[in-house]
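What follows is one structure encoded as structure tokens, with my remarks underneath.
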Amino acid sequence: MGAVTVAKDEPTSTPATPPPTDGPPQPGPRRVRLVFSALLLALLLAAQEQMVVATALPEIVGELHGGDRMSWAITAYLLTATVGLPVYGRFGDLYGRKGVFQFALVVFVAGSALAGFSRTMDQFIAFRALQGVGAGGLMIGVQAIVADIVPSRNRGRYLGLVGAAFGLASVAGPLLGGRLTDHLSWRWCFYVNVPCGLVTLAVVTFALKLPKPTTKGRLDVLGTLLLAVASTCLVLLASWGGTAYAWNSRTVLGLGAGALAATVLFLVAERFAAQPLIPLRLFKDPVFVVTGLVGTAIGIALFGAASYLPTQLRMVGGISATESGLLMLPMTAGIVGASVVCGQLISHTGRYRTYPVLGSALAALGSWLLSRLETDTPRLHFGIWTAVLGAGIGMVMPVLILAVQNSVRPSDVGAATAANNYLRQIGGCVGVAVVGALFLDRLADRLPTRARAVLPDPDSLTPELVHALPAPLRDAHVSAYAETMPRIFLYLTPVLVLGLLVACFLRERTPVSFDEVPAEPTPTPAVRIPQALPHPSGGETPSSLRSTYVPEVPLRGTVQHPDGTVVPRAALTLIDATGRQTGRGGSGEDGRYTLSTPGPGAYVLIAAAGGHRPQAVSVTVGERPVEVDIVLGGAGRLVGAVRTADGRVVSDATVTLTDVRGEVVVTTRSGEAGEYLITELAAGEYTLAARADSYRPAALPVTVQAGRETRQDVELAGGAVLRGTVRTGGGRPVEDARVTVLDAAGNVVDTITTGIDGTFRFVDLPSGGYTLIATGYPPVATVLQVAGGGRTERDLRLGYAD
Numbered sequence: 000m001g002a003v004t005v006a007k008d009e010p011t012s013t014p015a016t017p018p019p020t021d022g023p024p025q026p027g028p029r030r031v032r033l034v035f036s037a038l039l040l041a042l043l044l045a046a047q048e049q050m051v052v053a054t055a056l057p058e059i060v061g062e063l064h065g066g067d068r069m070s071w072a073i074t075a076y077l078l079t080a081t082v083g084l085p086v087y088g089r090f091g092d093l094y095g096r097k098g099v100f101q102f103a104l105v106v107f108v109a110g111s112a113l114a115g116f117s118r119t120m121d122q123f124i125a126f127r128a129l130q131g132v133g134a135g136g137l138m139i140g141v142q143a144i145v146a147d148i149v150p151s152r153n154r155g156r157y158l159g160l161v162g163a164a165f166g167l168a169s170v171a172g173p174l175l176g177g178r179l180t181d182h183l184s185w186r187w188c189f190y191v192n193v194p195c196g197l198v199t200l201a202v203v204t205f206a207l208k209l210p211k212p213t214t215k216g217r218l219d220v221l222g223t224l225l226l227a228v229a230s231t232c233l234v235l236l237a238s239w240g241g242t243a244y245a246w247n248s249r250t251v252l253g254l255g256a257g258a259l260a261a262t263v264l265f266l267v268a269e270r271f272a273a274q275p276l277i278p279l280r281l282f283k284d285p286v287f288v289v290t291g292l293v294g295t296a297i298g299i300a301l302f303g304a305a306s307y308l309p310t311q312l313r314m315v316g317g318i319s320a321t322e323s324g325l326l327m328l329p330m331t332a333g334i335v336g337a338s339v340v341c342g343q344l345i346s347h348t349g350r351y352r353t354y355p356v357l358g359s360a361l362a363a364l365g366s367w368l369l370s371r372l373e374t375d376t377p378r379l380h381f382g383i384w385t386a387v388l389g390a391g392i393g394m395v396m397p398v399l400i401l402a403v404q405n406s407v408r409p410s411d412v413g414a415a416t417a418a419n420n421y422l423r424q425i426g427g428c429v430g431v432a433v434v435g436a437l438f439l440d441r442l443a444d445r446l447p448t449r450a451r452a453v454l455p456d457p458d459s460l461t462p463e464l465v466h467a468l469p470a471p472l473r474d475a476h477v478s479a480y481a482e483t484m485p486r487i488f489l490y491l492t493p494v495l496v497l498g499l500l501v502a503c504f505l506r507e508r509t510p511v512s513f514d515e516v517p518a519e520p521t522p523t524p525a526v527r528i529p530q531a532l533p534h535p536s537g538g539e540t541p542s543s544l545r546s547t548y549v550p551e552v553p554l555r556g557t558v559q560h561p562d563g564t565v566v567p568r569a570a571l572t573l574i575d576a577t578g579r580q581t582g583r584g585g586s587g588e589d590g591r592y593t594l595s596t597p598g599p600g601a602y603v604l605i606a607a608a609g610g611h612r613p614q615a616v617s618v619t620v621g622e623r624p625v626e627v628d629i630v631l632g633g634a635g636r637l638v639g640a641v642r643t644a645d646g647r648v649v650s651d652a653t654v655t656l657t658d659v660r661g662e663v664v665v666t667t668r669s670g671e672a673g674e675y676l677i678t679e680l681a682a683g684e685y686t687l688a689a690r691a692d693s694y695r696p697a698a699l700p701v702t703v704q705a706g707r708e709t710r711q712d713v714e715l716a717g718g719a720v721l722r723g724t725v726r727t728g729g730g731r732p733v734e735d736a737r738v739t740v741l742d743a744a745g746n747v748v749d750t751i752t753t754g755i756d757g758t759f760r761f762v763d764l765p766s767g768g769y770t771l772i773a774t775g776y777p778p779v780a781t782v783l784q785v786a787g788g789g790r791t792e793r794d795l796r797l798g799y800a801d
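Number 801 marks the last residue of the sequence shown (numbering that gives the first Met the number 0); no jumps.
Okay, structure coming up:
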């Protein structure tokens, strides 16, 4: 891998001071770990609240009498969190991520406390919505801040942990909710967020230091409102359609029209907004589009499965909330394990395209397996099936954010990350609403009419009440639940298969940092470090000569071929704006390199490897690590033969190759068999020319490919030679006679004047018929035929005698 070069000064040199910076310095590893731990705690709180009510839901709707609005306990939180994602993302880009994150944390803590105090189902849903407003800022803030404090090469490891936290919270949330519900109260599912949130707030306030945002502007208020309207209409449509209202009712049709109209108006507003909430240029990036579609499919599967599996386990199996949460642990282990392992592998290899494809396939398989659930399905089978689903989701989640962040500039990181999360969350909202609607509709169809008539308040049913009913009524409810839930997973499987097909189109981009280049970059000279020289007396080095610390900025990347394969053992040299060498190194067997730059400034990175054309790229270094990938084209070869139209070889022909600027690259000659060979050519466009005596020159374009042999033959047309002597009638040579050659059409081809010996010579004549005219005495004309590539002689006699 790359080596660090330290330049040496004379002992009397004065150490250079670090260049000034506009923002806080890059945090050290310990501070990064501290801040990331606090961020991870906040993310766990926000993510687990999505699913923490899953196991407590029967108690909540039973106590608050809200069984008919059961899905809204989850949907309200997901909806407001989803709408808030792009808003917080853009707020962070414009005004700084730290303050926005702190605000979101305060709102989340307040909403959690109020949700715990709820006395009616309407209050509970409203406070869950408030809680979601803060959660949206936490979820997007964590991922965007990671992009600010972690170099892109190491980001896969951290985003793997973020993905693991999402998965852990989404599935372990029901376990926590069940434990708290069984031993304390469902209200503690929300109270527990208050102290944890305050601890996170303290760490973020005092330990997190972020640079000032480079983008200035105002929030797109119109776009925010239109996005909120579109999202709300879409979720209500999915929740009410076919359950509370018929699909062809005015309410459902109106919601569909409202969602469509708001979406169209949102796109128009974003087109003309100075600072759009979601820049439309993101949708021109195929990486962003593919990850958004895959994220939507994964969101539907994750939230659809994690929301109702615990309820099904409790209603059918009669187990406690804690036990239902424990049965979800295999899914948790699958998500966490796959996320962490994939994150580590991505950080090690820099490759990630395979994981979304394989993960989507596993998730589809797990969903299909869960569709085969029966009342007597062994717990081992259930654990394996949920683990497969979890592993598939875990392999996909960290890659989506990493791929998006690697494809956009820093000024768009917040908006792009938020938009990607928005698509996944809106998929989750729709997934929960659709699954809930299908579940209630199918449950109502399968519940016997007699059972519904006997129970005074079906919306207040809890698992304990169901299993305390008389055997016939209990069996009827259990059978209805057992038949309803597995069918839902059969509906989710095609969605995941579609996500698999879309994931196949994901383009892999090696992690790259797009550092903002100032309008007028000021080259910064290399910072030189005095070398610690031994004291003449053998004592310690004088303090004035000891090495001085300079904050070096890493420069990393990959040396690769145009097809993406790596180039090992390439030599790399870094020079500053004055041409002085500031670093040297080489690429490893995996093509990766690492160099250290003395500090911010403009540099030139030169890469060379055997059998390849050298490459030089300009690099602008800021305060953060920079990643630059270099593409080396292998040296190409150009071979061919010089021949005539009838296949005869032309030996000793001059072959010349020029580049697109007209500069001569190389000149060679054809051999005995007419062959020529030109090696060590850079890939590109050239002009190949050939000439030989008695032939007309020819030129043609040729494209040389990197690392390959290109063959190009050259065909020369014969150039005839016509010579002779002009004489008088007595045979004496005529000096200064004018000889003209006309072609068959009567056009003048050439004219010459004879010398003292009366001879003339015309060269490079195409095959055909000509007329030869000599003047000076009474003119004489003769018609003759010349053959290409041959020599024709014809003497002319003028009319006067000597």
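No residue lacks a Cβ here, since even glycine has one placed at the ideal position from N, Cα and C.
Contact between Ala168 and Leu225 does not hold, since their C-beta atoms are separated by about 30 Å, which reaches or exceeds 8 Å. Per DSSP, Thr374 is not a residue of any alpha helix (DSSP H), being assigned neither H nor E.
Counting along the chain, the unbroken beta strand (DSSP E) around Tyr769 starts and ends at 767-774. Beta-carbon to beta-carbon, Gly556 and Val627 are separated by about 4 Å, close enough to satisfy the 8 Å threshold.
The continuous stretches of alpha helix (DSSP H) do not include Val648, and DSSP gives it neither H nor E.
The three-state secondary structure of Glu671, taken from DSSP, is coil. Taking the C-beta atoms as reference points, Thr686 is found nearer than 8 Å to Ala698. The beta carbon of Gln711 sits closer than 7 Å to those of Leu637, Gly639, Leu687, Val701, all from its chain and outside the five residues before and after it, given in chain order. Annotation for Gln614: the continuous beta strand (DSSP E) segment containing it runs 614-620. Rounded to the nearest angstrom, the Cβ distance from Ala607 to Arg568 is 11 Å, too far for a contact under 8 Å.
For Thr753, no beta strand (DSSP E) encloses it, and the DSSP letter there is neither H nor E. Across the structure, Leu179 and Ser595 are spaced so that their CA atoms are roughly 52 Å apart. Here the alpha carbon of Tyr76 sits roughly 16 Å from the alpha carbon of Ala237. Counting C-beta pairs with one atom in each stretch, the stretch 762-772 and the stretch 734-742 have three or more that are closer than 8 Å, which means they touch. Shown here for Thr416: same chain residues with a beta carbon closer than 8 Å to its own, the five before and five after excluded, namely Gly88, Ile139, Gln142, Ala143, Ala146, Ile400, Val403, Gln404 in chain order. Within the same chain, and ignoring the five residues on either side of Val52 in sequence, the residues whose Cβ sits closer than 7 Å to its Cβ are Ile59, Ala72, Ile73, Gly176, Cys188. DSSP places Glu58 within a helical segment (H, G or I) once states are collapsed to three.
Excluding the 5 residues flanking it on each side, Met330 has same chain C-beta neighbours closer than 7 Å at Val170, Thr385, Ala386, Leu388, Gly389, in chain order. Taking the C-beta atoms as reference points, Gly775 is found nearer than 8 Å to Arg737.
If one requires a minimum length of 4 residues, the alpha helix (DSSP H) runs lying completely within the stretch 323-359 are 328-348, in chain order.
By the 16-neighbour rule on beta-carbons within 10 angstroms, Thr204 is exposed. His182 counts as exposed, since fewer than 16 other C-beta atoms from the protein chains shown sit within 10 angstroms of its C-beta. Residue burial annotation: Val263 is exposed, with fewer than 16 other C-beta atoms found within 10 angstroms of its C-beta. Annotation: the continuous alpha helix (DSSP H) that includes Ala206 extends over 192-206. Taking each of Gly598, Val429, Thr353 in turn and checking the Cα distance to Pro624, the smallest one comes out for Gly598. Taking Val340 as reference, the option from Met484, Arg486, Ala37, Met396 with the minimal CA-CA separation is Met396.
Separation of Val501 and Ala418 (C-alpha to C-alpha, rounded to the nearest whole angstrom) is 18 Å.
Of the residues Leu39, Val429, Ser111, Glu714, the one whose Cα lies closest to the Cα of Ala258 is Val429.
Within the same chain, Cβ atoms closer than 7 Å to the Cβ of Gly91 are found at Val99, Gly140, Ala143, Gly413, the five residues on either side in sequence being excluded. Counting other Cβ atoms within 10 Å of its Cβ, Ala652 reaches 16 or more and is therefore classed as buried.
Of the candidates Glu588, His611, Gly333, Gly294, the residue whose Cα lies closest to the Cα of Val496 is Gly294. Shortest Cα-Cα distance from Val494 to any of Ala363, Leu325, Arg707 involves Ala363. Taking the Cα of Val648 as reference, the smallest distance to any Cα among Arg668, Val82, Ala55 is reached at Arg668. The C-beta distance from Gly196 to Val132 rounds to 14 Å, too long to fall under 8 Å, and the pair is not in contact. For Leu573, the closest alpha carbon among the candidates Ile629, Asp589, Phe438 is that of Ile629. Using a Cβ distance threshold of 8 Å, Thr492 and Ser617 do not count as a contacting pair.
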